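Engineer:
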Amino acid sequence: MTIVGVQLIDRVGRRRLLLIGAAGMCFCEFIVAIVCSRYATPYLVNPTTTGLNGVKAANLGVKVFFIWGSTCVGCFLFTYFFIPETKGLSLEQIDLLYRESSIINSEKYRKQIIASNETYTAHKAGVKFDAADEVHEKSSA
Numbered sequence: 001m002t003i004v005g006v007q008l009i010d011r012v013g014r015r016r017l018l019l020i021g022a023a024g025m026c027f028c029e030f031i032v033a034i035v036c037s038r039y040a041t042p043y044l045v046n047p048t049t050t051g052l053n054g055v056k057a058a059n060l061g062v063k064v065f066f067i068w069g070s071t072c073v074g075c076f077l078f079t080y081f082f083i084p085e086t087k088g089l090s091l092e093q094i095d096l097l098y099r100e101s102s103i104i105n106s107e108k109y110r111k112q113i114i115a116s117n118e119t120y121t122a123h124k125a126g127v128k129f130d131a132a133d134e135v136h137e138k139s140s141a
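One point on numbering: in the numbering used here, the residue at position 18 of the sequence shown is 18, and numbering is uninterrupted.
(1) What is the DSSP secondary structure of glycine 88, counted as helix, strand or coil?
(2) Identify whether glycine 24 lies in helix, strand or coil by the three-state DSSP scheme.
(3) In the DSSP assignment, the alpha helix (DSSP H) including glycine 74 goes from what residue to what residue?
(4) Nearest-angstrom Cα distance between arginine 15 and valine 35?
(5) Run the CB neighbour count on glutamine 7, radius 10 Å, all protein chains shown included, and call it buried at 16 or more, exposed below.
(6) Let me check understanding here. Comparing Cα to Cα, which of Phe27, Gly88 and Ile113 lies closest to aspartate 10?
(7) Report the rounded CA-to-CA distance for alanine 141 versus isoleucine 113, giving the unit in angstroms.
(8) Of the residues Ile3, Glu29, Cys28 and Ile104, which one's Cα is nearest the Cα of leucine 77?
(9) How big is the Cα-Cα spacing for cysteine 72 and glutamate 85?
(10) On a CA-only basis, which of Phe65, Ser101, Thr2 and Cys26 is nearest phenylalanine 81? Give me that one, please.
(11) Is serine 116 a contact residue of the ligand FMN, with contact defined as CB to any heavy atom under 7 Å?
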């Protein structure tokens, strides 16, 4: 799976993969919580099971899958609000993205950076590149 994921990161984008993964895991955890809880992880579900040193198990029952599903909801929200899309950007462009854009608007700003082939050093110096890589000074108008 790691080989497939590494190939997809540059094609699909890290943020989108994280959002899809968190949503998919959340869906699966809630399905397991609702349908299959008696067959999975008996040390957490079965009240007769004892843990290490004879201590009773957690006896969480179905709640354990709701806990894991809620963790996936937290991962989805964290990704949506705190992780920008960096697909196709160089390290300098990622630095510019972090400095000049909010996370929610990162996709639109990322496309703008790619279209103008802009970097942080050129942005700070007031230089802009066009498609033919010719240098132009930014107009201050």
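Quick reminder that beta carbons are idealized off the backbone N, C-alpha and C, glycines included.
Treat the numbers as computed from the prediction; the structure is a model and nothing was measured.
Structural biologist: Let me lay it out:
(1) coil
(2) Reduced to three states, the DSSP call for glycine 24 is helix.
(3) 63-82
(4) 30 Å
(5) exposed
(6) When only C-alpha atoms are compared, the closest one is Gly88.
(7) Legend: pLDDT at alanine 141 = 42, less than 50; position of this residue unreliable, no value from coordinates given.
(8) Ile104
(9) 19 Å
(10) Checking every option, the nearest Cα to that of phenylalanine 81 belongs to Ser101.
(11) Within the structure as shown, the ligand FMN is missing, as the structure has no ligands at all.
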